[in-house]
Amino acid sequence: MDDAIRQKIQSLLDSHRTMRIATLRPDGWPQVTTVGYANEGFTIYFLCGSDSQKAANIARDDRVSLAIDDDPAEVMEIAGASMAARARAVTDPAEQQKAIGLVMARYPEQKAIGLPMPKPSEVRLFRLTPTVISLLDYSKGFGHTDLVTC
1 MDDAIRQKIQ SLLDSHRTMR IATLRPDGWP QVTTVGYANE GFTIYFLCGS DSQKAANIAR
61 DDRVSLAIDD DPAEVMEIAG ASMAARARAV TDPAEQQKAI GLVMARYPEQ KAIGLPMPKP
121 SEVRLFRLTP TVISLLDYSK GFGHTDLVTC
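Numbering follows my numbering, with no gaps: position 55 of the sequence shown is 55.
Laid out in structure tokens, this is it:
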């Protein structure tokens, strides 16, 4: 992957805090939900309810797809990224604390109004490792994508 594309992907990851993530249900149909996230480089962390359908889907099949983007006023301003990734449960206590800290740092408003940070025992934490990234940039032409493997 060339440096310019790497920097665009990194900037996109760093400047957002929500993504849509698709997991595979037991019947084979994809299930898409929106979650908050934080990243460290291209490694993405998110948390969800321990008994959520998302957590059960990932426990059965760790392949996920995700999308991160904006909602621009004009079609030719569409930009974003979609990724195929592997999801792994974060079980190491130090990494759990780091992941929660990274996610909560993206939501300073929550801390400002006094809402507590969730404890690792109250949620499921996941680390996403991208395998393929598609960088979408309509400013380069309708539907233009740069596809990179990780």
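Beta carbons: idealized from backbone N, C-alpha and C, even for Gly.
Because the structure is a prediction, the values reported are computed rather than measured.
Based on the DSSP output, what are the partners of residue i in its beta bridges?
i	result
T31	Residue identity differs from the one stated: residue 31 is Gln in this sequence, not Thr. Its beta-bridge partners are T23.
I68	A81
Report buried or exposed for residue i, applying the criterion of at least 16 other Cβ atoms within 10 angstroms of its Cβ.
i	result
S82	buried
V64	buried
V32	exposed
A73	exposed
Please confirm whether residue i and residue j have their CB atoms less than 8 Å apart.
i	j	result
T131	R60	no
A79	D70	yes
I68	L128	no
I5	F42	no
L47	L125	yes
G49	A55	yes
Going by beta carbon distance, what residues of the same chain come within less than 6 Å of residue i, once the five residues before and after it are set aside?
i	result
G143	none
M104	M117
V90	Q96, A99, L125, R127
In its own chain, which residues sit with a C-beta less than 8 Å from the C-beta of residue i, not counting the 5 before and 5 after it?
i	result
S139	M76, E77, A79
Whole-angstrom Cβ separation of residue i and residue j, contact assumed at under 8 Å?
i	j	result
Y45	L102	6 Å
R106	G36	7 Å
R88	D62	7 Å
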